[in-house]
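J.: Can you keep this structure in mind? I'll have questions shortly.
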């Protein structure tokens, strides 16, 4: 948690929570209060009623009297930032609705007016290679990414939205979010056979009770989030959706987002999935199908974290430099068991990964004599890919209960 606080803290994200906590515990010790307005007479009286020993106040608005009370009784105050197009102390992940605020259907150019694009423009203007990042901006970016880390951890401990999954008898109840990552190229077009395959994989994984996580961009990432989003419906709905989207294959096509909104309008109650994009690649728009978006400024934190949470495996669709970088990062995590036992690395498209971009033979060689040699696989068929993930999940549970 925050440096000013002990390891075990309670996060307070609403005035109601803060009042209830103080009335119940008679103390503010070891709490973190994020982004609240404490200037009302009621909140002034409540906060000044008890000492603030070991409490942190992040970006809260308060009177000078409340500020003085907190500092004099052992609390720490991180002031609010001004002039930013984003909230560094946010208490939750993003939604696609929040990021796309400002977009007007039928007006592709309005994409440049969205909250997402405004944040990207701000970030790029302050992270030019030729100059140092202003210190206050650097702090804001890092505090923001820490807040996203925290919100993501909260999400991954929530129960799954699919209690009827046939995996419930296989995996322990404490393993709440069975995350499978799906990686692949952002240039994969919607009218390609591989896009359809990845959408079906996302659909099958979500129906099996896994929590699909992607890099959140277009291409293979959009396909996986789309499949997961439609997982409550029959497979022909996924195929029909892909057919609809194929009319605007690339993310720079005029109708790209409008066709995605058409799917969302037709099926408004989609299932959950996760996207973890970055403003480092902010020129690639986030896709519209994840329910939760953990968007970071630091690409290195984002990539490492996405691979780390995918404890039930990562599926690699064809991709180029970015995807290949993620493959080797995943291999390093598995090789050194950085985040526990090795998790599956499953590759889609045998010809692509052995001939076009011959990464798989090298990964096999690197894995020789290590535990992750047994969790590498390469397939052309989507059913084989999903079966590998299922088999590992079953074996994982058997090992955990021995």
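Numbering (the UniProt record's numbering), first residue to last: 1 to 402. Glycine included, C-beta positions come from ideal geometry on N, C-alpha and C. Treat the numbers as computed from the prediction; the structure is a model and nothing was measured.
Does the beta-carbon distance from residue 211 to residue 273 come in below 8 Å?
T.: Translated into positions along the chain shown, residue 211 becomes position 211. Translated into positions along the chain shown, residue 273 becomes position 273. Contact flag set, yes.
J.: So the candidates are 180, 229, 193 and 345; which of them puts its Cα closest to the Cα of residue 264?
T.: Along the chain shown, read from residue 1 onward, the residue named residue 264 stands at position 264. Ranking the options by Cα distance to residue 264, first place goes to 229.
J.: Look at the Cβ atom of residue 321, then the Cβ atom of residue 271, and state whether they are nearer than 8 Å.
T.: Residue numbering aside, residue 321 sits at position 321 when the chain shown is read from its first letter. Residue numbering aside, residue 271 sits at position 271 when the chain shown is read from its first letter. No; because the gap between Cβ atoms is not below 8 Å, this pair is not in contact.
J.: Helix, strand or coil for residue 174, going by three-state DSSP, please let me know.
T.: Stepping through the chain shown from its first residue, residue 174 is reached at position 174. With a pLDDT of only 46 at residue 174, under the threshold of 50, the placement of this residue in the model should not be trusted; the figure read from the coordinates follows. Here residue 174 sits in coil by DSSP.
J.: Report yes or no: do the stretch 226 to 244 and the stretch 190 to 207 share at least 3 C-beta pairs separated by less than 8 Å?
T.: Short answer: they touch.
J.: So what does residue 10 bridge to, in DSSP terms?
T.: Along the chain shown, one-based indexing puts residue 10 at 10. Residue 10 pairs with 31.
J.: Sort 96, 298 and 114 by Cα distance to residue 102 and report the nearest one.
T.: Working through the chain shown from its first residue, we reach residue 102 at position 102. Of the candidates 96, 298 and 114, the one whose C-alpha sits nearest the C-alpha of residue 102 is 114.
J.: Judging by CA-CA distance, which residue of 26, 333, 32 and 23 is the nearest neighbour of residue 12?
T.: Counting from 1 along the chain shown, the entry for residue 12 is found at position 12. The candidate whose alpha carbon is nearest that of residue 12 is 32.
J.: In whole angstroms, what separates the C-alpha of residue 366 from that of residue 122?
T.: Within the chain shown, residue 366 is the residue found at index 366, counting from 1. Within the chain shown, residue 122 is the residue found at index 122, counting from 1. Whole-angstrom Cα-Cα distance: 41 Å.
J.: DSSP has residue 376 in a bridge; who is on the other side?
T.: Here the question's residue 376 lines up with position 376 in the chain shown. DSSP output for residue 376 lists 345 as bridge partner(s).
J.: Per DSSP, which one or two residues make a beta bridge with residue 336?
T.: The count along the chain shown starts at 1 and reaches residue 336 at position 336. Paired residues: none, contrary to the question.
J.: Could you pull the start and end residues of the beta strand (DSSP E) that residue 314 belongs to?
T.: What you label residue 314 is simply residue 314 of the chain shown in a count that begins at 1. First-last of the beta strand (DSSP E) with residue 314: 314 to 316.
J.: Would you say the stretch 297 to 316 touches the stretch 251 to 258, given that touching needs at least three Cβ pairs under 8 Å?
T.: Segments in contact, no.
J.: Under the three-state reduction of DSSP, which class applies to residue 396: helix, strand or coil?
T.: Here residue 396 is taken as the residue at index 396 of the chain shown, counted from 1. Helix, per DSSP.
J.: Any idea what DSSP makes of residue 386, helix, strand or coil?
T.: As a working mapping, residue 386 is identified with position 386 in the chain shown. Residue state, collapsed to three classes: helix.
J.: Roughly how many whole angstroms lie between the Cα atoms of residue 120 and residue 308?
T.: Numbered from its first residue, the chain shown carries residue 120 at position 120. Numbered from its first residue, the chain shown carries residue 308 at position 308. Cα to Cα, residue 120 sits roughly 25 Å from residue 308.
J.: Residues in the same chain with beta-carbon distance under 8 Å from residue 79, minus the five sequence neighbours each way, listed in chain order, please.
T.: As a first step, residue 79 must be located in the chain shown, where it is residue number 79. Excluding sequence neighbours, residue 79 sits near 59.
J.: In the stretch 244 to 305, which residue ranges form an unbroken alpha helix (DSSP H) of at least 4 residues, counting only runs that do not cross its ends?
T.: Runs found: 256 to 266.
J.: Just to check my reading of the structure: residue 392 and residue 385 have Cβ atoms closer than 8 Å, yes? What is that Cβ distance to the nearest angstrom?
T.: Within the chain shown, the letter at position 392 stands for residue 392. Within the chain shown, the letter at position 385 stands for residue 385. The pair is not a contact, with the Cβ atoms about 11 Å apart (cut-off 8 Å).
J.: Tell me residue 214's beta-bridge partners as DSSP assigns them.
T.: Numbered from its first residue, the chain shown carries residue 214 at position 214. Paired residues: 182 and 275.
J.: Using C-beta distances below 6 Å, list every residue in its chain close to residue 141, excluding the 5 sequence neighbours before and after it, in chain order.
T.: The residue labelled residue 141 in the question sits at position 141 within the chain shown. Same-chain partners within the cutoff: 297.
J.: Thinking just about the alpha-carbon of each residue, which of 364, 332 and 383 is nearest to the one in residue 348?
T.: Position 348 of the chain shown, counting from 1, holds the residue named residue 348. Closest option to residue 348, Cα to Cα, is 383.
J.: Inspect the CB distances between the stretch 149 to 156 and the stretch 122 to 140 and report whether three or more fall short of 8 Å.
T.: At 8 Å Cβ cutoff, the stretches do not touch.
J.: In the stretch 47 to 96, which residue ranges form an unbroken beta strand (DSSP E) of at least 3 residues, counting only runs that do not cross its ends?
T.: Listed in chain order, the complete beta strand (DSSP E) runs (minimum 3 residues) inside the stretch 47 to 96 are 56 to 58 and 76 to 78.
J.: By the 10 Å Cβ neighbour count, where 16 or more other Cβ atoms means buried, how is residue 396 classified, buried or exposed?
T.: Locating residue 396 in the chain shown gives position 396, where the first residue counts as 1. Its Cβ being crowded by 16 or more others within 10 Å, residue 396 is buried.
J.: Can you grab the Cα-Cα spacing for the pair residue 168 / residue 340, in whole Å?
T.: The residue given as residue 168 occupies position 168 in the chain shown. The residue given as residue 340 occupies position 340 in the chain shown. No answer about residue 168 holds up, because its pLDDT of 37 lies below 50 and its placement is not dependable.
J.: Could you give the distance in angstroms between the alpha-carbon of residue 184 and the alpha-carbon of residue 345?
T.: Residue numbering aside, residue 184 sits at position 184 when the chain shown is read from its first letter. Residue numbering aside, residue 345 sits at position 345 when the chain shown is read from its first letter. Their backbone Cα atoms lie some 13 Å apart in a straight line.
J.: Is residue 93 near residue 294, with beta carbons less than 8 Å apart?
T.: Numbered from 1 along the chain shown, position 93 holds the residue referred to as residue 93. Numbered from 1 along the chain shown, position 294 holds the residue referred to as residue 294. Yes.
J.: Given residue 237, which residues of its chain have a CB within under 8 Å of its CB, disregarding the five upstream and five downstream residues?
T.: For the purposes of this step, residue 237 is identified with residue 237 of the chain shown, where counting begins at 1. Excluding residues within five positions, the ones whose Cβ falls inside 8 Å are 230 and 267.
J.: Pick from 39, 105 and 83: whose alpha carbon is nearest that of residue 65?
T.: Taking the first residue of the chain shown as 1, we reach residue 65 at position 65. Closest by alpha carbon: 39.
J.: Buried or exposed: residue 286, going by 16 or more other Cβ atoms within 10 Å of its Cβ?
T.: Taking the first residue of the chain shown as 1, we reach residue 286 at position 286. Label assigned to residue 286: buried.
J.: Name, in chain order, the residues that DSSP records as bridge partners for residue 37.
T.: The residue labelled residue 37 in the question sits at position 37 within the chain shown. Looking at the DSSP assignment, residue 37 forms a beta bridge with 61.
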